[in-house]
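Asker: Residue numbers are given in our numbering: position 52 of the sequence shown equals residue 993, and the series is strictly consecutive. Cβ atoms here follow ideal geometry from the backbone N, Cα and C, with glycine treated the same way. For clarity, every value in this text was computed on a predicted model and none was experimentally measured.
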Amino acid sequence: CTVDDPSYVGDGDCEGGDYNTKECGYDGGDCDSFNEEYPSCTVDDPSYVGDGDCEGGDYNTKECGYDGGDCDSFNEEYPSCTVDDPS
């Protein structure tokens, strides 16, 4: 497992990117429930999914549950808008 800061592996927070890989034990198990709920969601910061703010971009996708539901009302109001930061 090669990451910038090995102390993040298994620290209780799901880190994305290289941390959330098989080689790193899916961030030492920190990403297990995230990966179960969003198995095809590959964002840099999984903690943004479902945090109450609509992130947009890669977060506002079917794979990521439309940012864990954070973008539902935005998508209803602006169904064709694909900005990176709608909030």
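Would you decide whether Pro1020 is buried or exposed? Buried here means 16 or more other CB atoms lie within 10 Å of its CB.
Answerer: To locate residue 1020, count along the sequence shown from 1; it is residue 79. Looking at its Cβ environment, which holds fewer than 16 other Cβ atoms inside 10 Å, Pro1020 is exposed.
Asker: If you measure between the beta carbons of Gly991 and Gly1009, is that distance less than 7 Å?
Answerer: Residue numbering aside, residue 991 sits at position 50 when the sequence shown is read from its first letter. Residue numbering aside, residue 1009 sits at position 68 when the sequence shown is read from its first letter. A contact, by the Cβ cut-off of 7 Å.
Asker: Exposed or buried, Cys995, counting other C-beta atoms within 10 Å across all chains shown (16 or more means buried)?
Answerer: Here residue 995 refers to the residue found at position 54 of the sequence shown. The residue in question, Cys995, is buried, as its Cβ has 16 or more Cβ neighbours within 10 Å.
Asker: Pull up the distance between the alpha-carbon of Gly1006 and that of Asp971, whole angstroms please.
Answerer: On the sequence shown, residue 1006 is found 65 positions in, with the first residue counted as 1. On the sequence shown, residue 971 is found 30 positions in, with the first residue counted as 1. Cα to Cα, the separation comes out at about 19 Å.
Asker: What is the rounded straight-line gap between the Cα of Val944 and the Cα of Asp959?
Answerer: Translated into the one-based positions of the sequence shown, residue 944 becomes position 3. Translated into the one-based positions of the sequence shown, residue 959 becomes position 18. Taking the straight line from one Cα to the other gives about 6 Å.
Asker: I need the DSSP call for Asn976, collapsed to helix, strand or coil.
Answerer: Position 35 of the sequence shown, counted from the first residue, corresponds to residue 976. Correct three-state label for Asn976: helix.
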